[in-house]
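**Student:**
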Amino acid sequence: MARILILVAVLCVANYAEASGRGVTFPSLDGTALSGELFEASSRPAPAVVLVHMLTRHKDDWGNLPDRLEDAGITALTIDLRGHGDSTGSAQDLAAMVQDVRAAVQWLSARQGVRPGSIGLVGASLGASLALLATPDLPAVRAIGLLSPSLDYRGLRTDVNLVKRIGGRSMWFAASAEDPLALRTLGDFAAENSGPREQVISNAVAHGTALLEKDADVGRSLVDWLRRSLLS
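When we follow the numbering used here, the leftmost residue of the sequence shown carries the number 20, and every step to the right adds one.
#1: Use the C-beta contact count for Glu-37: other C-beta atoms within 10 angstroms, 16 or more gives buried, fewer gives exposed.
#2: Going by CA-CA distance only, name the one from Phe-192, Val-160, Met-73, Ala-147 that's closest to Ser-126.
#3: Within the continuous beta strand (DSSP E) that includes Gly-186, where are the two ends?
#4: Are the Cβ atoms of Pro-85 and Leu-70 separated by less than 8 Å?
#5: If you follow the beta strand (DSSP E) that Gly-142 is part of, which residue opens it and which one closes it?
#6: Using the Cα positions of Ile-25 and Leu-149, report the straight-line distance between them to the nearest angstrom.
#7: For Ile-98, which residues does DSSP report across the bridge?
#8: Taking the alpha-carbon of Tyr-172 as reference, which of Leu-145, Met-190, Ala-153 has the nearest alpha-carbon?
#9: Just curious, the alpha helix (DSSP H) that Pro-85 is in, first and last residue?
#10: Is it the case that the Cβ atoms of Ile-137 and Ser-189 are separated by a distance below 8 Å?
#11: State the DSSP-derived secondary structure class of Ser-240, mapped to helix, strand or coil.
#12: Does DSSP put Leu-74 in a helix, a strand or coil?
#13: Going by the DSSP bridge assignment, what does Phe-45 pair with across the sheet?
#14: Per DSSP, what kind of secondary structure is Glu-197 in: helix, strand or coil?
#15: With Ala-143 and Thr-228 assumed to form a contact (beta carbons below 8 Å), what rounded beta-carbon distance in angstroms separates them?
#16: What are the residues that DSSP puts in a beta bridge with Asp-171?
#17: Assess contact between the segment 211-219 and the segment 46-65, defined as three or more Cβ pairs (one per stretch) separated by less than 8 Å. Is contact present?
#18: Could you tell me the boundaries of the alpha helix (DSSP H) in which Val-117 lies?
#19: Taking the beta carbon of Ala-235 as the centre, do at least 16 other beta carbons fall within 10 Å, making it buried, or is it exposed?
#20: My assumption, with CB atoms under 8 Å, is that Leu-57 sits in contact with Leu-96. Please give the rounded CB distance.
#21: Are Ser-47 and Gln-111 touching if we call contact CB-CB under 8 Å?
#22: Might you give, ordered along the chain, the residues of its own chain that have their beta carbon closer than 8 Å to the beta carbon of Ser-221, omitting 5 neighbours on each side?
#23: May I ask you to list the residues that DSSP assigns as paired with Glu-217?
#24: How many angstroms separate the CA atom of Ala-147 from the CA atom of Leu-241?
#25: Quick check on Gly-66: does DSSP put it in helix, strand or coil?
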């Protein structure tokens, strides 16, 4: 009987965690219907963050990070890129996904309860490339975080000039010590960033959002950096 009660309690806690976000939909810049989940900070207006997932993943790929941001006083929006999760469109058109990221930031920035000009943008793997490509045209973005970035993701190319165009905005980088491509990219980007920057090199053998699961220090560093960058 006690074992059954414990199981019920665990399931209730899990369901509560899953239900803390609210499903939303919004159009990409070309009209493609996109899906997301919004985790609103209780005290508003609040700074806000858009989280952009990896290829073949979806908006639920961030574990408890959105809840932790919400608890820290930061509203979080997780999105499904086109062709992923509940969004429409083709998952093959990687370049068009830059429009999805821009649309998500613009949609979030326009919401009541979001502090103007206090937006963060965090991407993992493909999402890191998309975030970097989108940011120069998004003045509302004050901080950009990149998990396992790449200079060339299946033909979607980024370079150090993009980092220069971002200017003095705060940047955060994370990569596994066992991921040489991401490490090299991280080093190139960090050297060109003129603003505040932090980097985390993890000993976990993981890539993208898996770093958050395999190394708790990565998630702690990300939340702390966003708190300092957006709440100060």
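All C-beta atoms, glycine included, are put in the ideal place defined by N, C-alpha and C.
**Tutor:** Reading off the structure:
#1: Position 18 of the sequence shown, counted from the first residue, corresponds to residue 37. Caution applies to Glu-37, whose pLDDT of 46 falls short of 50 and renders its modelled position unreliable; the model cannot decide the point.
#2: As a working mapping, residue 126 is identified with position 107 in the sequence shown. Looking at the sequence provided, one finds Trp at residue 126 rather than Ser. That would be Val-160, whose Cα lies nearest to the Cα of Trp-126.
#3: Against the sequence shown, residue 186 aligns to sequence position 167. Neither: Gly-186 is in no beta strand (DSSP E) and is coded neither H nor E.
#4: As a first step, residue 85 is located in the sequence shown; it is residue number 66 there, counting from the start. As a first step, residue 70 is located in the sequence shown; it is residue number 51 there, counting from the start. With a cutoff of 8 Å on beta-carbon distance, Pro-85 and Leu-70 are scored as near each other.
#5: By 1-based counting over the sequence shown, the position of residue 142 is 123. Looking at the DSSP string, the run of the beta strand (DSSP E) that includes Gly-142 is 133-143.
#6: By 1-based counting over the sequence shown, the position of residue 25 is 6. By 1-based counting over the sequence shown, the position of residue 149 is 130. Because Ile-25 carries a pLDDT of 37, less than 50, the predicted location of this residue cannot be relied on, and the following value inherits that uncertainty. Taking the straight line from one Cα to the other gives about 42 Å.
#7: Here residue 98 refers to the residue found at position 79 when the sequence shown is read from its first residue. Answer is Gly-55, bridged to Ile-98.
#8: Walking along the sequence shown from the start, residue 172 turns up at place 153. When only C-alpha atoms are compared, the closest one is Leu-145.
#9: Working through the sequence shown from its first residue, we reach residue 85 at position 66. It spans 84-90 - the alpha helix (DSSP H) in which Pro-85 sits, taken as one unbroken run.
#10: Position 118 of the sequence shown holds residue 137. Position 170 of the sequence shown holds residue 189. A small fix is needed here, since residue 137 is Ser in this sequence, not Ile. No, the pair does not count as a contact, with Cβ atoms beyond the cut-off.
#11: Start at 1 with the first residue of the sequence shown, and residue 240 comes out as number 221. It is helical.
#12: On the sequence shown, position 55 is the one that residue 74 refers to. If DSSP states are grouped into helix, strand and coil, Leu-74 belongs with coil.
#13: Residue numbering aside, residue 45 sits at position 26 when the sequence shown is read from its first letter. DSSP lists Leu-53 as the beta-bridge partner residues of Phe-45.
#14: Within the sequence shown, numbered from 1, the residue matching residue 197 stands at position 178. Here Glu-197 sits in coil by DSSP.
#15: Working through the sequence shown from its first residue, we reach residue 143 at position 124. Working through the sequence shown from its first residue, we reach residue 228 at position 209. Confirmed, Cβ separation roughly 5 Å.
#16: For this step, residue 171 is matched to residue 152 along the sequence shown. Note: Asp-171 sits in a beta bridge opposite Arg-176.
#17: Flag = no, the segment 211-219 and the segment 46-65 do not touch.
#18: The residue you call residue 117 lines up with position 98 of the sequence shown. Segment 116-128, the alpha helix (DSSP H) holding Val-117.
#19: Counting from one through the sequence shown, the residue named residue 235 turns up at place 216. Exposed: under 16 other Cβ atoms inside 10 Å.
#20: Reading the sequence shown from its first residue, position 38 is the one you call residue 57. Reading the sequence shown from its first residue, position 77 is the one you call residue 96. 5 Å between Cβ atoms; contact.
#21: Along the sequence shown, one-based indexing puts residue 47 at 28. Along the sequence shown, one-based indexing puts residue 111 at 92. No, Cβ-Cβ distance for Ser-47 and Gln-111 is not below 8 Å.
#22: Translated into the one-based positions of the sequence shown, residue 221 becomes position 202. Sequence-distant Cβ neighbours of Ser-221 in its own chain, meaning closer than 8 Å and more than five residues away, are Ala-193, Ala-194, Ser-195, Ala-196, Leu-230, Lys-233, Asp-234, Asp-236, Val-237.
#23: One-based indexing of the sequence shown puts residue 217 at position 198. Its beta-bridge partners are Trp-191.
#24: The residue you call residue 147 lines up with position 128 of the sequence shown. The residue you call residue 241 lines up with position 222 of the sequence shown. Distance between the alpha carbons of Ala-147 and Leu-241: 14 Å.
#25: In the sequence shown, counting from the first residue as 1, residue 66 sits at position 47. Here residue 66 is Pro; the residue named in the question, Gly, does not match the sequence. The three-state reading of DSSP puts Pro-66 in strand, counting E and B together.
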